[in-house]
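Only one structure is covered here, and it is reproduced in the block below.
2 protein chains.
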Amino acid sequence: MSQQSGGHACQSCQIRHLGVLARLPAEHLGQIAQTFHPHVITFGGQETLYYQGDSAQYAYTVRSGFVKLLSMLPDGRTHIVRVLHAGDLFGFEGIVGGKYAHTAMALAKVEVCRFAINELIAVKQEYPEVDSVLTQRWIQSLTKAEDMLVELGAKKTGERLGAFLVRWCETAPKGIEGWVPLPLSRVEIGELLGMTVETVSRALSEWKRQGLFQERGGFIRLPDVERLCANVCNVSVSEVLNVG
Amino acid sequence: MSQQSGGHACQSCQIRHLGVLARLPAEHLGQIAQTFHPHVITFGGQETLYYQGDSAQYAYTVRSGFVKLLSMLPDGRTHIVRVLHAGDLFGFEGIVGGKYAHTAMALAKVEVCRFAINELIAVKQEYPEVDSVLTQRWIQSLTKAEDMLVELGAKKTGERLGAFLVRWCETAPKGIEGWVPLPLSRVEIGELLGMTVETVSRALSEWKRQGLFQERGGFIRLPDVERLCANVCNVSVSEVLNVG
DNA sequence: CGCGGCCTTGAGCCACATCAAGACTAGTGG
DNA sequence: CCACTAGTCTTGATGTGGCTCAAGGCCGCG
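Order-wise, the sequence lines are chains R and V.
To convert, note that position 236 of the first sequence is 236 in our numbering; the numbers rise steadily by one, no gaps.
To convert, note that position 109 of the second sequence is 353 in our numbering; the numbers rise steadily by one, no gaps.
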């Protein structure tokens, strides 16, 4: 089950540079401690942080691990809307309408920082540095969501999967020799990219055979990104990374 | 061609209640006139306001008519990312990265209000009322984009088209007896929903035959929304309107 | 009247979903 | 240590929704 530590001091937070307080000068961290009361919580894989429609009091930042935000249709079909990395803010949409727009689940063991939405609002109003980070975040989230719209709306399965892998490897924390963690099952990749498990599996197997894709215990590697893009997406790497 | 009027006074703006200055008390409108210099510009149908990748100086608000934001893949495939109504803000993503993320085109004759991005930033920093409207707008845009992700990722063509029509008719300015303007061609509907013209046309024709959909000179009507949802989406109206 | 856009309709095909077995892996308990 | 089980992944066989290609119809306009 989830575990909650006591109140947490932002001063000693190792990932502060990734979070929404990144630009706040260190000398203000003491002051905000009076209004801002974050808690660090740990969740195990597949545990649910909150459900779509729940009344939203808290927003979160990922400290380590990965979280998926997903939306379910009445008949049970599931779509993963976003996958969150260290430093990402989520659950903040509760500020409008008071409800969470998605269900949030830990992909594996994850550590998050939880705080009251209205406390963050207060900090945002007080400190322009926080405000500007938040503004940037929202615009980036919006742009990313809209890029994904293009992926889903205009590309076919192979192109989507290829582009996803390339982007993931660019974005995710790099391990040794290009091995990056991929904490998503085939089913989840399918739910993210709007395709079935079987289609995901077939494409990945094929690329393995062609030496374009390698996998070992939850880590993956793309030995020849250039060729993957050329073969599969029929575009250059830069085009995959730029827009859709 | 586009036509630009001179400087415009926010005090006399008929749609101020829809725009980002909606909550700003009238007595401040005079003050901001010193830093905030909006211009009203008119564009004809299919005219381009700006191109994806252009350096972004200005953001816009729709005053009347409709604007589409679209993204193009290198090979020419086009996806419509958003359709904007009166009051909608766009082009503001230029604040991050300095470039427009999409191409903006007028769907028919459209009147927009254009202003420098940094002027809006200044107003936002000065007036909390403007700041809070902007915050709400971004979160709503994000939520809407993510809802659309679910549409494209998890639903099939008929469901997408049905949900789109129902939502459009709920959202758009209502005309007489439920007739609503729909300024999109079949091609454009396809580009928005990730399907071909032919598929759009076939579905609409079929629904016309069944009496679920009517059309007259750019206006449409859904005589029996309840049945459309039940037949096509296999869900209730509320479910179509809520999330996915 | 003829021309160029849109829209519609049909016929055929293909990418991808669906259905159905196995294969592999990891955890569990005797 | 080895069955037993359950979950995930792979692979094949089959079906079909929607794309593609191709014609023709219906405007509005010069």
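Don't be surprised by glycine CBs; every beta carbon is placed ideally from N, CA and C.
Ranked by how close their Cα comes to the Cα of serine 315 (chain V), the residues V:Gln458, V:Gly338, V:His346 have V:His346 in first place. Collapsing the DSSP output to three states places isoleucine 285 (chain V) in a strand. In this structure, the alpha-carbon of glycine 76 (chain R) lies about 34 angstroms from that of tryptophan 179 (chain R). Secondary structure of cysteine 357 (chain V) (DSSP, three-state): strand.
Under a criterion of Cβ atoms nearer than 7 angstroms, the residues of chain R adjacent to glycine 397 (chain V) are, in order, His79, Leu152, Gly194.
CA-CA distance, isoleucine 324 (chain V) to valine 166 (chain R), rounds to 24 angstroms. Note on geometry: alpha-carbon atoms of methionine 105 (chain R) and valine 67 (chain R) lie some 6 angstroms from one another. Chain order gives the chain R residues near glutamine 384 (chain V) as Val96, where near means a beta carbon separation below 7 angstroms. Annotation for glutamine 384 (chain V): the continuous alpha helix (DSSP H) segment containing it runs 372–398.
Valine 264 (chain V) sits close to leucine 378 (chain V), with the two beta carbons spaced by under 8 angstroms. In the structure shown, the three-state DSSP call for valine 197 (chain R) is helix.
C-alpha of glycine 419 (chain V) to C-alpha of glycine 65 (chain R): approximately 51 angstroms in a straight line. Identification of chain R residues near glutamate 337 (chain V) by a Cβ-Cβ cut-off of 8 angstroms yields Ile139, Leu142, Thr143, ordered along the chain. For the pair alanine 366 (chain V) and glutamine 125 (chain R), the Cα-to-Cα distance works out to about 15 angstroms. Here the segment 134–149 of chain R makes contact with the segment 329–346 of chain V; the two share three or more CB pairs at distances below 8 angstroms. In the DSSP secondary-structure assignment, isoleucine 220 (chain R) is bridged to R:Val180, R:Glu215. Chain-ordered, the chain V residues with CB closer than 7 angstroms to the CB of methionine 148 (chain R) read Leu393. The Cβ atoms of leucine 18 (chain R) and alanine 108 (chain R) do not sit closer than 8 angstroms to each other. Closest in C-alpha terms to isoleucine 339 (chain V), from the list V:Pro318, V:Ala300, V:Gln255, comes V:Ala300. The shortest CA-to-CA distance from leucine 466 (chain V) to any of V:Leu268, V:Lys400, V:Leu456 is the one to V:Leu456. Burial is judged here by how many other beta carbons sit within 10 angstroms of a residue's own beta carbon; arginine 202 (chain R) has fewer than 16 and is exposed.
For valine 356 (chain V) against tyrosine 304 (chain V), the beta-carbon gap comes to about 5 angstroms, under 8 angstroms, which counts as contact.
Check the Cα spacing between glycine 289 (chain V) and each of V:Cys257, V:Phe280, V:Val354, V:Val327: the tightest is with V:Val354. Judged by beta-carbon spacing, phenylalanine 280 (chain V) lies within the 8 angstroms limit of glutamate 363 (chain V), meaning their Cβ atoms are closer than that value. With a threshold of 8 angstroms between beta carbons, glutamine 57 (chain R) makes no contact with chain V. Listed along chain R is no residue with a C-beta nearer than 7 angstroms to that of proline 427 (chain V); the closest approach is about 20 angstroms.
The C-alpha of serine 205 (chain R) is placed about 26 angstroms away from the C-alpha of leucine 149 (chain R). Judged by DSSP secondary structure, threonine 401 (chain V) falls within the alpha helix (DSSP H) whose first and last residues are 401–415. For alanine 474 (chain V), the nearest beta carbon of chain R is not closer than 8 angstroms to its own beta carbon. Within the same chain, Cβ atoms closer than 7 angstroms to the Cβ of isoleucine 15 (chain R) are found at Arg63, Ala86, Gly87, the five residues on either side in sequence being excluded. Between the beta-carbon of tyrosine 58 (chain R) and that of isoleucine 117 (chain R) there is about 6 angstroms, and that keeps the pair under the 8 angstroms contact cut. Closer than 8 angstroms to the CB of leucine 364 (chain V) there is not a single CB belonging to chain R.
Secondary structure note for valine 225 (chain R): it is in no beta strand (DSSP E), and the uninterrupted alpha helix (DSSP H) holding it is 225–228. For proline 372 (chain V), the closest Cβ of chain R is nearer than 8 angstroms. Spanning the alpha carbons of glutamate 93 (chain R) and aspartate 224 (chain R) requires a straight line of approximately 39 angstroms. Valine 284 (chain V) places its beta carbon 8 angstroms or farther from that of glutamate 403 (chain V).
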